[in-house]
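Residue numbers (the numbering used here), protein chains in the order written: chain A, 143 to 322; chain B, 143 to 322.
Inspection log for the structure reproduced underneath, given as structure tokens.
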DNA sequence: ATATTTCTTGAATGGCATTCAAGATAATAT
DNA sequence: ATATTATCTTGAATGCCATTCAAGAAATAT
């Protein structure tokens with residue numbers, strides 16, 4: 143038990159790496175960010191990362207968890223807002239993380255861990271959406287299907303560039319259908 | 143002009159490479175298929191590919207064009223079918239090309255040529271969808287928005303594993319909304 | 001002070017897309 | 001028929017990458 147200080151410093155160092163990795167991955171995406179680059183930005187040797195993380199996908203997962211935690215926090219601050227506002231703010235949130243979500247999709251087939259993370263994330267968003275929809279008066283029987291539709295629309299919006307107005311138009315159209 | 147024979151053989155060889163590349167890319171995806179592997183399957187040296195194609199993304203584009211051409215052909219054979227049938231058959235089509243569409247999305251940020259291909263493909267599908275929708279009685283003013291919604295739903299279905307029944311449920315739900 | 005665990009690193013390793021320079025083959029010109 | 005040129009092919013680099021390895025430094029425990 144007197145390894146406390148050591149443990150603490152280890153955790154801090156790991157967080158430091160996650161921090162610089164997050165900045166780089168958000169900015170340049172997974173494929174355009176090398177481990178060497180992350181290491182350089184963190185002021186350590188390239189292979190030192192492997193003491194703290196199993197591999198590059200592991201770094202990505204840690205970063206993703208941070209991004210999601212942040213998004214959740216922002217979302218919880220909008221509890222009173224209508225669904226439309228929540229969705230737009232969620233999109234803005236995720237968008238600020240660059241291509242990270244696209245990166246997740248493209249790495250699902252390479253890494254079982256990313257696959258698992260992706261699945262967990264999807265069911266989480268799905269549950270959130272269903273409860274939102276039911277809350278907003280959608281027939282519970284259809285809420286699950288509508289949730290999936292909404293998620294795919296959101297993913298589509300995130301994966302493709304859009305003007306803010308166009309994005310809002312599309313979201314509004316989707317919501318109109320769902321609430322019709 | 144008497145270089146005819148040479149030109150013909152060149153075209154044939156290029157097509158041979160595209161053919162084996164298509165099989166490999168469909169089966170194993172972009173990242174898990176190396177140029178060396180394609181070359182081996184085509185019975186040539188690894189670097190010979192670079193006489194016929196600029197780079198790996200160029201190979202991907204040629205393969206994509208073949209896949210799309212095939213899908214278009216199948217689609218045109220369903221001219222009389224309802225939209226639902228067309229969509230399901232389109233999904234089945236694209237699905238048989240493995241992760242190729244996901245690969246496109248993940249390479250958009252790496253290659254301007256892939257980016258351009260992706261944009262062209264999207265507007266094409268969009269135009270097709272709009273005319274389908276208008277034909278099927280959707281208000282023309284909303285057809286464009288609905289087309290985008292449908293495309294994103296289809297992309298979502300393709301990017302995520304689904305049981306056939308679930309897929310149909312989701313498509314039906316989307317169509318119900320669009321035609322409501 | 002010594003042994004043990006924890007952390008760090010320089011130097012591999014193996015895989016990859018791509019390039020280079022030189023050779024082979026075929027088409028054309030003389 | 002021979003020489004010249006354009007077309008195709010290849011073995012051998014090059015440079016980048018994630019990841020591993022073995023050995024050393026630092027902190028902790030005995």
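Note that the Cβ used here is the ideal one computed from N, Cα and C, for glycine as well.
Remember, predicted model here, so these are calculated numbers, not experimental data.
Start-to-end residues for the alpha helix (DSSP H) that takes in residue i
i, result
"residue 265 of chain B", "254-277"
"residue 280 of chain B", "Run containing residue 280 of chain B: none; DSSP gives neither H nor E here."
"residue 179 of chain A", "177-184"
"residue 311 of chain A", "306-321"
"residue 205 of chain A", "198-218"
"residue 246 of chain B", "242-249"
"residue 235 of chain B", "225-237"
"residue 194 of chain A", "191-194"
Proximity test, Cβ basis, 8 Å: residue i and chain A
i, result
"residue 175 of chain B", "no"
"residue 297 of chain B", "yes"
"residue 201 of chain B", "no"
"residue 301 of chain B", "yes"
"residue 230 of chain B", "no"
"residue 320 of chain B", "yes"
"residue 248 of chain B", "yes"
"residue 239 of chain B", "no"
"residue 284 of chain B", "yes"
"residue 279 of chain B", "no"
"residue 190 of chain B", "no"
7 Å CB neighbourhood of residue i in its chain, flanking five on each side removed
i, result
"residue 124 of chain A", "Not covered by the structure: residue 124 of chain A. The range shown for chain A is 143 to 322."
"residue 272 of chain A", "285, 286 and 289"
"residue 282 of chain A", "276"
"residue 190 of chain A", "181"
"residue 216 of chain A", "231 and 235"
"residue 156 of chain B", "194"
"residue 183 of chain B", "162 and 166"
"residue 145 of chain A", "With a pLDDT of 49 at residue 145 of chain A, under the threshold of 50, the modelled position of this residue cannot be trusted; read the value that follows with caution. Cβ neighbours of residue 145 of chain A beyond the five flanking positions: none."
"residue 220 of chain A", "227, 228 and 231"
"residue 241 of chain B", "171"
6 Å Cβ shell around residue i - same chain, five flanking residues per side excluded
i, result
"residue 188 of chain B", "177, 178 and 181"
"residue 239 of chain B", "168 and 209"
"residue 305 of chain B", "none"
"residue 163 of chain A", "180, 201 and 205"
"residue 196 of chain A", "none"
"residue 274 of chain A", "225"
"residue 391 of chain A", "Residue coverage of chain A in this structure runs from 143 to 322, which leaves residue 391 of chain A outside it and unanswerable."
"residue 175 of chain B", "166 and 167"
"residue 309 of chain A", "299"
"residue 259 of chain A", "203"
Interface flag, residue i vs chain B, CB-CB below 8 Å
i, result
"residue 287 of chain A", "yes"
"residue 315 of chain A", "yes"
"residue 233 of chain A", "no"
"residue 159 of chain A", "no"
"residue 311 of chain A", "yes"
"residue 291 of chain A", "yes"
"residue 323 of chain A", "An answer regarding residue 323 of chain A cannot be provided, because it is not within the stretch 143 to 322 covered by chain A."
"residue 152 of chain A", "no"
"residue 194 of chain A", "no"
"residue 244 of chain A", "yes"
Residues near residue i by beta carbon distance below 8 Å, same chain, minus five either side
i, result
"residue 342 of chain B", "No answer is possible for residue 342 of chain B: the residues shown for chain B start at 143 and end at 322."
"residue 143 of chain A", "Bear in mind that the predicted position of residue 143 of chain A carries a pLDDT of just 38, short of 50, making it unreliable; the figure below should be weighed with that in mind. If we look at residue 143 of chain A and ignore the five residues flanking it on each side, it has no Cβ neighbours."
"residue 249 of chain B", "172, 199, 202 and 256"
"residue 226 of chain A", "313, 314 and 317"
"residue 311 of chain B", "none"
"residue 280 of chain B", "288, 320 and 321"
"residue 252 of chain B", "199"
Any non-hydrogen atom of the ligand HEM closer than 7 Å to residue i Cβ
i, result
"residue 283 of chain B", "Absence of the ligand HEM from the depicted structure is noted, as is the absence of any ligand whatsoever, leaving it without description."
Output, in sequence order along the chain, the residues in the segment 250-272 of chain A whose CB is closer than 7 Å to any CB in chain B.
251 and 252
In chain order, each alpha helix (DSSP H) run of at least 4 residues that lies wholly inside the segment 146-175 of chain A:
146-170
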